[in-house]
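Structure record follows, encoded as structure tokens.
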Amino acid sequence: MPALGVALALSLVASAPISAQAGDDTWQPSTWTGVAPGAPVPGANLPSAPVPAPLTPMAPDVNPVIFYEPQSTCDPGPKPGALRLQEIITTTYGAGQTVWIPRGCNVGPTSEHKEGRAVDWMVSVRNRQERANAEAFLNWLLGPDSAGRPYGHALQLGVMYIGWHDRIWRGYGIDRGWQELKGCFSKTEAKYDNYCHRNHIHISLTRLGATGADPTGAPIPVDPSAPPPPEAPLVEPELDDQPAAPAQPGPDDDLFMAIGSELGYSSSSDGPLRPGRLRTVNLGPVPENATSALV
2 MPALGVALAL
12 SLVASAPISA
22 QAGDDTWQPS
32 TWTGVAPGAP
42 VPGANLPSAP
52 VPAPLTPMAP
62 DVNPVIFYEP
72 QSTCDPGPKP
82 GALRLQEIIT
92 TTYGAGQTVW
102 IPRGCNVGPT
112 SEHKEGRAVD
122 WMVSVRNRQE
132 RANAEAFLNW
142 LLGPDSAGRP
152 YGHALQLGVM
162 YIGWHDRIWR
172 GYGIDRGWQE
182 LKGCFSKTEA
192 KYDNYCHRNH
202 IHISLTRLGA
212 TGADPTGAPI
222 PVDPSAPPPP
232 EAPLVEPELD
242 DQPAAPAQPG
252 PDDDLFMAIG
262 SELGYSSSSD
272 GPLRPGRLRT
282 VNLGPVPENA
292 TSALV
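If you use our numbering, the sequence shown corresponds to residues 2 to 296, in order.
Now the structure itself:
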């Protein structure tokens, strides 16, 4: 392959766009961990951002228990609970938001994307508006619901765990709060933004949450004869280092995402491309260890 120049023009014929990061990067790394009823390490002086409408709160005697249920089957079609999360995001922040759910079962390690019950929302800590949107959403998701129940919306939607901003939050270990994700506190370069979930929020749902059993905000019925769920295992979820690939057009998108991440390439709110349309972007210098590219 000929030597690649300083700028690389990528022409995309796809359904899931990505655009260069905005030039307002004020992100500063932090090693904070702890319990917070919302986003970790809130940004300073961020622009205003909308907040999703509150869900109808669960009845006081309904107490969902979240436990760790890793992907074990191949069934990547988007499940109702994941589609509901997608709808909350796009209704609140605009139809152009990039939200991915399914992933091919032959792509990468264990992932709830392969059961259609994980969501990746492309928002970056390096873009002030996207970070403001992400933090407003997480404050809504993890804060008290309209009845005052702590973490009410997360429990109601069946949030199993969240990966965002170098950290992981576990619905099956709420008292642990936000903890470091995969050694990311020392991986501050932009090339690690995918790996450390700085350019997207990952949300995995429990299997009950994935069913969308609470589609209108009504309380989820509890079966009194059902056995109690097992305690959360000590094994940690294996958060993968790339956002979920769209179902179409195929594996080239996974390759593109990997290369884009290596170049410090992030997300877009331009909306999905229609088949047959092109979008061209300029990227920075290509790493010396790059082995392939889409052109």
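Idealized CB from N, CA, C, for every residue including glycine.
First through last residue of the beta strand (DSSP E) which encompasses residue i
{"i": "residue 203", "result": "202-206"}
Other residues of its chain near residue i: CB distance less than 6 Å, five sequence neighbours each side excluded
{"i": "residue 178", "result": "35, 36"}
{"i": "residue 142", "result": "154, 155"}
{"i": "residue 139", "result": "39, 40"}
{"i": "residue 194", "result": "200"}
{"i": "residue 208", "result": "70"}
For residue i: DSSP bridge partner residues
{"i": "residue 35", "result": "179"}
{"i": "residue 100", "result": "122"}
Cβ separation of residue i and residue j, assumed to be a contact under 8 Å, to the nearest whole Å
{"i": "residue 114", "j": "residue 165", "result": "Going by Cβ atoms, the distance from residue 114 to residue 165 rounds to 16 Å, so no, they are not a contact pair."}
{"i": "residue 162", "j": "residue 171", "result": "5 Å"}
{"i": "residue 93", "j": "residue 51", "result": "5 Å"}
{"i": "residue 120", "j": "residue 132", "result": "Actually they do not touch by this definition, with Cβ atoms about 18 Å apart."}
{"i": "residue 86", "j": "residue 175", "result": "At roughly 19 Å, the Cβ-Cβ gap does not stay under 8 Å, so residue 86 and residue 175 are not in contact."}
{"i": "residue 48", "j": "residue 129", "result": "6 Å"}
{"i": "residue 106", "j": "residue 77", "result": "6 Å"}
{"i": "residue 89", "j": "residue 53", "result": "5 Å"}
{"i": "residue 122", "j": "residue 100", "result": "5 Å"}
{"i": "residue 202", "j": "residue 135", "result": "6 Å"}
{"i": "residue 79", "j": "residue 111", "result": "Not quite, the Cβ-Cβ distance comes to about 18 Å (not below 8 Å), so this is no contact."}
{"i": "residue 186", "j": "residue 74", "result": "Between residue 74 and residue 186 the Cβ distance is about 34 Å, and since that is not below 8 Å, they are no contact."}
Nonlocal neighbours in the same chain, by C-beta distance under 8 Å from residue i, ignoring five residues either side
{"i": "residue 182", "result": "164, 167, 168, 169, 197, 198, 240"}
{"i": "residue 1", "result": "The question about residue 1 has no answer here: the residues shown for the chain are numbered 2 through 296."}
{"i": "residue 84", "result": "102, 213"}
Close-in-space but distant-in-sequence residues of the same chain around residue i (CB under 7 Å, 5 per side omitted)
{"i": "residue 82", "result": "118, 158, 159, 206, 210, 211, 212, 213"}
{"i": "residue 180", "result": "34, 168, 169"}
{"i": "residue 189", "result": "30"}
{"i": "residue 56", "result": "146, 154, 157, 218"}
{"i": "residue 173", "result": "67, 68, 69, 161, 233"}
{"i": "residue 148", "result": "58"}
{"i": "residue 27", "result": "129"}
{"i": "residue 98", "result": "90, 91, 122, 270"}
{"i": "residue 144", "result": "38, 39"}
Residue i, enclosing alpha helix (DSSP H) - first and last residue
{"i": "residue 199", "result": "Counting along the chain, residue 199 falls outside any alpha helix (DSSP H), and DSSP gives it neither H nor E."}
{"i": "residue 87", "result": "81-94"}
Tell me the start and end of each unbroken alpha helix (DSSP H) in the segment 102-173 that is at least 4 residues and wholly inside, in chain order.
129-143, 153-158
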